[in-house]
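Chains as they are written, first to last, in my numbering: chain W, 1008 to 1536; chain C, 113 to 589.
Where is the CB? At the ideal position from N, CA and C, for every residue including glycine.
Please read the structure below before turning to the comments.
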């Protein structure tokens, strides 16, 4: 399959999206099946990506490079490393599940829904594998519009307000990032090379003030997406109003876009500014952890509870990232995947009972264990994954993050650990009120348990939750070289003179001799063929 | 002695104005609107092809006051293409509104010939002539729907304020002539070096700025725009919003970046303020509009502001960005007006934004194309408007106008508020207005789909167009 695999993965959903539009309006099943087929093909292609992924190198793999707008140095560059590989897999894994779940969930304007869903998948995948800042920005904004429509057209009562809030928040922040990108490129152009290639832009010589401003612009765009306290207010609205599929993608993948952006762009491009901003980011992360958990605890609405739990969990991811050491960052990436699985599954589970009862109020449930044993069992596993029970995936990520951040900042780690306890409290308490206890509402007695299709959606997630909990090694091993290289890149600049792009690169050699991120990736990938 | 005329240099102009005269004459005898429309269409198509064949040629006429260079050709082709789309859009509209087809098409063609003069002229007097030919035709076109009071009012307003602006232009030319003793741009550019009365010159430049600012609808010379755009027949509004603005910027850019390029330091601060005011006022006032034509009027003001950002940056980068932006702007804006035409029907213009409720799913073609136009106008990738904004802001950043770039992108966010609202209404609220089926208005729908395709193509493959804009700008003598 050579060098076009990444392009195939990115563009297959788009082809599917356009084909879905051609399906006649009176055959919604045709649109559903087509969407499922294309999302599954994308998933299979991404498995081939993993199978061919070499775990012994930090370089970008499967690199594709072609001119796009030559006079501006804009190129079409795709590539994956150990960081983006699993985020790509997470995306291609969740999308078919969301498509399958939406078979029953979405009944009006079916083909348009799947059109936007597949378009969204192309945007997400593109953003994860783009190595050209301009291309990244195009995909980054491309995600915005389908999600906006999914919330706005298929959402709940306040969908218009929620979707507009989502759009304006994200657009404002990302447009400022666009100016920062243009500025960064114009500074780099003084060296004679006009390029948006992020591999070349790493190590661009910038003054301390410049770095801070640029970091602020990038960080704002990413922090809104994460979302970090206090920029999170769009999230509960968007989640509550979005249809279940939209919530799953939003929580499962889109939020990771923010943390991924920090790790791939904001931190390594502006290492000095990263160091300066670390106390602030850590403080906001800890506040987010505690605040998200505390607010989640008092939510009467299931979906809102899960939404606020995301604020809390993503705070942990930020904590791990800004520990800037291998363990912390690996934990953070692992936690991104965990959160995608467990929170995605939680939204699916909320969607299941909402579909039966048309309410999400915790008070309307209770004692569901008896009428819905299978549902309760799946819920139990997912809930424990989210809480971080050892043996399940959540524990691995949280443990690594805490170990990594303990070395970097003890106070923040101590507060964050308190957040873990709060997390257990609100999750268990919610579970108790929904699943255990007496059956307080008669109408819940005859609810249908999980159907075959719902089991088919949830089973793969449960399997992955267990697998990643007991056998994290293949995942961690694959991301380790890339994480080391990124950490070395961020660390390598610490204390170095701001203008020393080349000196910085040298010190990286010292820090990680086996890894040369500046190596000509294209040449290496070509050689492999 | 008659001066030597390079006929090649005036060929596009001759063809279009000749076509206008023929159209006027034939219109007396032929009553069939569709035949006249087709005549104008075929004539414009032939002119477009002929002009395209001239690419690479150089020539000048009338003592070097009118040239054929890449810059002129770029705008000739753009203006002719816009003309074709406008004629396509007008074909069913003219019939439904009862506007006299013969004089309507003739005036459109005369307006286009004036624009071609503006794009090719390198002399202030000739630019003035082109501007007048264009303006007078458009004054009449704005009032072409004689039975509508709104249309009459628009024509009157446009004429009175336009005449005022013309006065500024002439006075400015006079002052510049007084300072430099020349009206030809290349001579003026040479004289800027020394020995000219600076105060006189700058006063003249400021006057020109007012006049051009009026024609491209820059704040604070924009007051006429919403009323005129709203009142004029919608197809004429499309012509004004796209072609008139394009021609205005063609002359504006040539005069300021080439003629007064040496004074960049003097007028750039003025233009900076003009750009900020134009973007901000246009976008903020657009937020409050309920009528889609008024909304698009304010939007066109805002977009003039983005182009002014490129002119403020100046130099080849700024010039090329301005040209590229005009190209991108033409497709998306024409398309938006096309949708406005398509939503209206005889006797029921449906120009309130609320009339668009639920249209997105009831008429998927209009819904999809309008979504493309609105998102492109907002500046969402990968559409033409995004590419345009990126190049404009790149030019600003490269020349060190960081604040201007930031103000520009914040304005994009404000603009999302009203562009996206159209989509909210179209896709997320229920409504009842039905549109005439596409099959009954084939020309209009062709023009809408064409605009949408162009908007996507320019956005996805900007490299070719950008190179074209750059080379065109650099080809000026």
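Residues of chain W with CB closer than 7 Å to the CB of residue 487/C, please, in chain order. Those within 7 Å of residue 487/C in chain W are 1152.
Among 1196/W, 1217/W, 1215/W, 1216/W, which one has its Cα closest to the Cα of residue 1208/W? Checking every option, the nearest Cα to that of residue 1208/W belongs to 1196/W.
Can you check whether the CB of residue 349/C is closer than 8 Å to the CB of residue 449/C? Their beta carbons are under 8 Å apart, which means residue 449/C touches residue 349/C by this criterion.
With which residues is residue 1081/W paired in a DSSP beta bridge? For residue 1081/W, which the question treats as bridged, DSSP gives the partners 1076/W.
In three-state DSSP terms, what is residue 1508/W? Caution applies to residue 1508/W, whose pLDDT of 36 falls short of 50 and renders its modelled position unreliable; the model cannot decide the point.
Would you call the CB atoms of residue 156/C and residue 185/C closer than 8 Å? It is not a contact, given that the beta carbons lie outside the stated cut-off.
Closest Cβ-Cβ distance between residue 506/C and chain W: below 8 Å? For residue 506/C, the nearest CB of chain W lies under 8 Å from its own CB, placing it at the interface with that chain.
Closer than 7 Å, Cβ to any Cβ of chain C: which residues of the stretch 1105 to 1123 of chain W, in chain order? For the stretch 1105 to 1123 of chain W, residues whose beta-carbon sits nearer than 7 Å to a beta-carbon of chain C comprise 1116.
Got a sec? Which residues, its chain only, sit under 7 Å from residue 1160/W by beta carbon, not counting five neighbours each side? Within the same chain, residue 1160/W has close Cβ partners 1116.
Quick one: what's got a C-beta closer than 6 Å to residue 1507/W's C-beta in the same chain, skipping five residues either side? Per-residue confidence for residue 1507/W stands at a pLDDT of 36, beneath the threshold of 50, marking its modelled position as unreliable; the derived number appears in the next sentence. Nothing listed; no residue qualifies.
Does DSSP put residue 949/W in a helix, a strand or coil? Nothing can be reported for residue 949/W, as the shown portion of chain W is limited to 1008 through 1536.
To the nearest angstrom, report how far apart residue 135/C and residue 1129/W are at their CA atoms. Approximately 50 Å, taken between the alpha carbons.
Where residue 335/C falls, given that 16 or more other Cβ within 10 Å makes a residue buried: Exposed is the call here.
Answer with yes or no whether the minimum CB distance from residue 1076/W to chain C is below 8 Å. Look at residue 1076/W: its C-beta is under 8 Å from a C-beta on chain C.
Take the Cβ of residue 1365/W as the centre, count every other Cβ of all protein chains shown within 10 Å, and call the residue buried at 16 or more, exposed below. So residue 1365/W counts as exposed.
7 Å Cβ cut-off: residues of chain W touching residue 579/C: Listed by position along chain W, the residues whose Cβ is nearer than 7 Å to that of residue 579/C are 1078.
Residue-level contact to chain W via CB, residue 492/C, 8 Å cutoff: Output row for residue 492/C: interface = yes.
Residue 177/C: buried (16+ other C-beta within 10 angstroms of its C-beta) or exposed? Of the other Cβ atoms in all chains shown, 16 or more fall within 10 Å of the Cβ of residue 177/C; this residue is therefore buried.
In or out: residue 158/C buried (at least 16 other Cβ within 10 Å) or exposed? Counting Cβ neighbours within 10 Å, residue 158/C comes out exposed, since fewer than 16 surround it.
Please list, in chain order, the residues of the stretch 361 to 375 of chain C that have any C-beta partner in chain W closer than 8 Å. Contact residues of the stretch 361 to 375 of chain C toward chain W are absent (C-beta to C-beta distance below 8 Å).
So if DSSP puts residue 1455/W in a beta bridge, which residue, or which two residues, is it bridged to? Under DSSP, residue 1455/W takes part in no beta bridge, so it has no partner.
Just how far apart, CA to CA, sit residue 574/C and residue 516/C? Going by the C-alpha atoms only, they are around 23 Å apart.
Hey, would you say residue 1219/W sits closer than 8 Å to residue 1283/W, going by beta carbons? Contact flag set, yes.
Return the residues of the stretch 1165 to 1199 of chain W that lie within a Cβ-Cβ distance of less than 9 Å from chain C, sorted by chain order. Listed in sequence order: 1166, 1167, 1170, 1171, 1174, 1175, 1178, 1179, 1182, 1183, 1185, 1186, 1189, 1190, 1192, 1193, 1196.
In chain W, which residues lie with their C-beta within 8 Å of the C-beta of residue 530/C? For a Cβ distance threshold of 8 Å, nothing in chain W lies close to residue 530/C: the least Cβ distance comes to about 12 Å.
What residue does the alpha helix (DSSP H) around residue 1159/W start on, and which one ends it? Where residue 1159/W is concerned, the enclosing alpha helix (DSSP H) stretches over 1151 to 1161.
For residue 293/C, does the count of other Cβ atoms within 10 angstroms reach 16, so buried, or fall short, so exposed? When all chains shown are included, residue 293/C counts as exposed.
Who does residue 175/C pair with in a DSSP beta bridge? Its beta-bridge partners do not exist; DSSP assigns none.
Got a sec: is the Cβ-Cβ distance from residue 1043/W to anything in chain C below 8 Å? Taking 8 Å as the threshold, the shortest C-beta distance from residue 1043/W to chain C does not fall below it.
Residue 1416/W in three-state terms, based on DSSP: Residue 1416/W sits in coil when the DSSP states are folded into three classes, being neither helix nor strand.
Assuming residue 1354/W contacts residue 1255/W under a Cβ cut-off of 8 Å, what Cβ separation, rounded to an integer in Å, is found between them? That belief holds up - the Cβ atoms of residue 1354/W and residue 1255/W are roughly 5 Å apart, short of 8 Å.
For a cutoff of 8 Å on Cβ pairs, would you count residue 1149/W as touching chain C? For residue 1149/W, the answer is yes, since a Cβ of chain C falls inside 8 Å of its Cβ.
For residue 219/C, which option in 277/C, 371/C, 239/C, 129/C has the closest C-alpha, if you only look at C-alpha atoms? A check of alpha carbon separations from residue 219/C across 277/C, 371/C, 239/C, 129/C identifies 129/C as the nearest.
Distance between residue 1109/W and residue 1465/W (C-alpha atoms, nearest Å): Rounded to the nearest angstrom, the two C-alpha atoms are 13 Å apart.
Let me check one thing: in DSSP terms, what residues is residue 1308/W bridge-paired to? Bridge partners of residue 1308/W according to DSSP: 1368/W.
Can you list, in chain order, the residues of its chain whose CB lies under 7 Å from that of residue 1379/W, leaving out five sequence neighbours each side? Cβ within range, chain order: 1454, 1456.
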